[in-house]
Structures are given as C-alpha cells and as structure tokens.
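In full-length UniProt numbering, the protein residues as written are 1 to 244. For glycine and all other residues, C-beta sits at the position ideal for the given N, C-alpha and C.
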C-alpha cells in the first residue's frame with residue numbers, strides 16, 4: 001500500500017463528503033442535538049461520564065455511516081467501475097476511508113465536548129482528553145467493521161435506514177444516553193454485553209485517568225473480530241455477486 005496514494009484518496013474522499021450537506025450536517029449536528037436534548041438534562045451521576053459517552057456516540061455514528069452507507073453508495077455508483085480498474089488496491093481505499101472517518105469523528109465529537117465544557121464543566125485534565133481521544137479512535141474499530149459489513153451486505157437504497165436503526169438501537173441498548181440505574185430492567189440486563197457499553201466504559205475510564213476495564217477491552221476485541229469476519233464474508237459474497 002502506498003501511503004501517499006492513501007492520503008491522496010483520503011483527501012479526495014474528504015473533499016467530496018465535505019461538499020455534501022446531507023452528510024456533513026447530520027454527522028456533525030445529530031450527536032450534538034442528542035447531547036443537548038438528553039445529556040444536558042442529566043441531573044445525577046458523573047457529568048464527565050455523560051460527556052464522553054455522547055462523544056463516543058458521535059464517533060460511532062461516523063464509523064457506521066462512513067463505512068456502511070459510504071460503501072453501499074459506492075457499490076451503486078458508476079464511478080465504482082472506474083475505481084476498480086485503477087491501480088488502487090482495497091487496502092489503500094480502506095485506509096483512506098479510515099483516515100476520513102477519523103477526521104469526521106473528531107469533527108462530530110468536538111461540538112459535543114465543547115458544549116459539555118461550556119455548560120457542565122466536566123473536570124477532565126489535558127492528559128485525560130488525550131486519553132479520551134485515543135479511546136475514541138481505537139474503540140471505534142468494531143463499529144467500523146460493522147459498518148463495512150452493512151455496506152457490503154445490504155442494498156444501497158436501504159443502507160441508510162438500516163444503519164440508522166442499528167445506530168440508535170445499539171446506542172440505547174448499550175446505555176450511552178443514560179446513567180447507570182436509569183435504564184429499564186430488561187435493557188440493563190442486556191447492556192453489559194453490548195459493544196457500545198464496553199466503549200462507554202473505556203471512555204469513562206480514560207476520562208478519569210484510569211486503565212480501561214479488562215472486560216470492556218476484551219469485549220471490544222471480540223466484537224471487532226466478529227464484525228470483521230462478517231465484513232469479510234459480506235465482501236466476498238458481494239464480489240461473487242458482481243461477477244456472477
């Protein structure tokens with residue numbers, strides 16, 4: 001893989017997406033709106049945990065939509081046939097998309113963080129914010145893999161609604177919008193097994209200057225491997241379908 005080629009492809013993809021209000025506005029403002037509507041209303045619990053949890057919610061959205069909806073749209077684009085004929089391997093294109101996803105994830109999380117700092121004043125030192133940023137990038141891996149699987153498995157026209165449903169469902173079931181003890185009993189019993197809950201626990205630990213819980217890290221690794229296997233199978237099936 002050529003690093004320069006990956007960066008060039010990332011710049012082209014990023015420029016294309018930045019010129020699409022239908023992608024930029026929901027990506028940057030949807031998590032901020034959710035935090036303003038729900039996160040700021042939390043009166044009990046750790047405001048620091050709520051802030052980083054919603055920042056994680058923003059990063060998950062970018063990972064899912066960048067890979068899920070983005071790849072599905074590429075599959076339906078006439079330009080895809082041209083791209084496949086160019087000397088750009090799949091690893092380079094995937095790396096470029098990951099770079100763009102990291103940039104947009106930062107752009108989506110920053111407004112949430114800025115609002116939290118301005119209104120709730122969470123006590124997180126600079127080192128803590130660096131740890132949170134690192135956890136945001138690394139902890140998004142399973143959701144990027146899930147998005148990759150969605151992008152190759154579903155028809156392009158249904159990729160957006162399906163990704164939206166999955167996005168909101170896993171966020172809610174993982175307790176990303178709530179403080180412990182406020183979820184319904186049945187959701188509380190499911191939450192500890194969700195990748196979103198593990199991601200939240202990792203972010204909260206990073207903000208507190210602590211090591212992430214081993215169970216959370218292990219769960220994220222397991223989900224990453226599982227979703228990556230699903231993505232590989234979906235991509236292989238899609239490839240066979242194209243040449244059938």
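Residue i versus residue j: straight-line alpha-carbon distance, rounded
| i | j | result |
| --- | --- | --- |
| residue 50 | residue 195 | 17 Å |
| residue 230 | residue 149 | 6 Å |
| residue 112 | residue 151 | 27 Å |
| residue 40 | residue 116 | 8 Å |
| residue 227 | residue 37 | 31 Å |
| residue 153 | residue 234 | 5 Å |
| residue 160 | residue 197 | 23 Å |
| residue 8 | residue 34 | 34 Å |
| residue 167 | residue 65 | 9 Å |
| residue 186 | residue 178 | 14 Å |
| residue 200 | residue 213 | 11 Å |
| residue 173 | residue 216 | 15 Å |
| residue 46 | residue 110 | 19 Å |
| residue 237 | residue 19 | 32 Å |
| residue 162 | residue 133 | 28 Å |
| residue 127 | residue 211 | 13 Å |
| residue 305 | residue 77 | Coverage of the chain is limited to positions 1 through 244, which leaves residue 305 absent and any answer about it impossible. |
| residue 6 | residue 232 | 21 Å |
| residue 209 | residue 12 | 37 Å |
Proximity to residue i [Cα-Cα], best of the options
| i | options | result |
| --- | --- | --- |
| residue 147 | 131, 134 and 170 | 170 |
| residue 75 | 228, 137, 156 and 94 | 156 |
| residue 57 | 108, 223, 95 and 97 | 108 |
| residue 52 | 131, 224 and 161 | 131 |
| residue 16 | 142, 70 and 241 | 70 |
| residue 118 | 134, 98, 48 and 173 | 48 |
| residue 224 | 204, 114 and 141 | 141 |
| residue 204 | 218, 176, 5 and 221 | 176 |
| residue 55 | 217, 139 and 100 | 139 |
| residue 129 | 163, 207 and 72 | 207 |
| residue 24 | 4, 100, 3 and 221 | 100 |
| residue 269 | 220, 241, 209 and 3 | One cannot answer for residue 269 here, as it falls past the ends of the chain, which runs 1 to 244. |
| residue 164 | 127, 26, 77 and 241 | 26 |
| residue 72 | 240, 158, 241 and 210 | 158 |
As assigned by DSSP and simplified to three states, the class of residue i
| i | result |
| --- | --- |
| residue 183 | coil |
| residue 140 | coil |
| residue 48 | helix |
| residue 19 | coil |
| residue 129 | helix |
| residue 208 | coil |
| residue 197 | helix |
| residue 42 | coil |
| residue 112 | helix |
| residue 124 | coil |
| residue 62 | helix |
| residue 154 | coil |
| residue 77 | coil |
| residue 188 | helix |
| residue 178 | coil |
| residue 31 | helix |
| residue 213 | coil |
Expected contact under 8 Å - CB spacing of residue i and residue j to nearest Å
| i | j | result |
| --- | --- | --- |
| residue 67 | residue 144 | 5 Å |
| residue 136 | residue 105 | 7 Å |
| residue 218 | residue 103 | At roughly 29 Å, the Cβ-Cβ gap does not stay under 8 Å, so residue 218 and residue 103 are not in contact. |
| residue 220 | residue 202 | 7 Å |
| task | May I ask you to verify whether the stretch 26-43 touches the stretch 55-73, counting CB pairs closer than 8 Å and requiring at least 3? | result | yes
| query | Is the number of C-beta pairs between the stretch 173-192 and the stretch 91-108 that are closer than 8 Å three or more? | reply | no
| Is it true that the stretch 116-126 meets the stretch 173-182, where meeting means three or more beta-carbon pairs spaced less than 8 Å apart? | no
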